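I have placed the structure first, in the form of structure tokens, so that the comments after it can refer back to it.
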Ligand SMILES: [Zn+2]
């Protein structure tokens, strides 16, 4: 049976977590807001660095974040979800980007890809080029899972 003190302590922890999430929600600390199909992503200026957070809104809310938080899902994931819920218009919709890309020539597209890779070389991972992957929390956990079942 839960005592009042234990209930209060649990409530305090929840409030603290809620406060930590609230300080990020739809704040200038959440940048690069992007929606690609059912996936939303952003960068978050955290207390100890900049993190990349992503949520696949289908697929059982598959979440990735580059932060080292002990909590999982971390506060950044909650903040991203809440930000999208209350301010979806602040996200760039990739469908609109695609509409413009469809008007480009093949040479134009190749130049765009070249410029994207110059800006962020980890984009090469999307082309299957090894050594350019970005390690995320979720990928690290998947690796552990693979070891367990091997
Ligand atoms: Zn995080």
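Residue numbers (my numbering): 301 to 450.
Backbone N, C-alpha and C fix where the C-beta goes; we use that ideal spot for every residue, glycine too.
Computed from a predicted structure; not experimentally measured.
Span separating the alpha-carbon of residue i from that of residue j
{"i": "residue 410", "j": "residue 317", "result": "45 Å"}
{"i": "residue 369", "j": "residue 377", "result": "11 Å"}
{"i": "residue 442", "j": "residue 342", "result": "Note on residue 442: pLDDT 47, under 50, position unreliable in the model; the coordinate value appears next. So the alpha carbons of these two residues sit roughly 22 Å apart."}
{"i": "residue 426", "j": "residue 326", "result": "29 Å"}
{"i": "residue 354", "j": "residue 307", "result": "32 Å"}
{"i": "residue 340", "j": "residue 315", "result": "26 Å"}
Per-residue burial, residue i [other beta carbons within 10 Å of its own, 16 or more giving buried]
{"i": "residue 362", "result": "exposed"}
{"i": "residue 414", "result": "exposed"}
{"i": "residue 418", "result": "exposed"}
Residue i CB to nearest heavy atom of ligand 1 below 7 Å
{"i": "residue 322", "result": "no"}
{"i": "residue 342", "result": "no"}
Range of the contiguous alpha helix (DSSP H) that encloses residue i
{"i": "residue 316", "result": "304-322"}
{"i": "residue 384", "result": "375-386"}
Beta-carbon separation (whole angstroms), residue i vs residue j, contact threshold 8 Å
{"i": "residue 279", "j": "residue 375", "result": "Missing from the structure shown is residue 279; the chain here goes from 301 to 450 and no further."}
Element boundaries [beta strand (DSSP E), containing residue i]
{"i": "residue 404", "result": "First-last for residue 404: undefined, no H or E at that position."}
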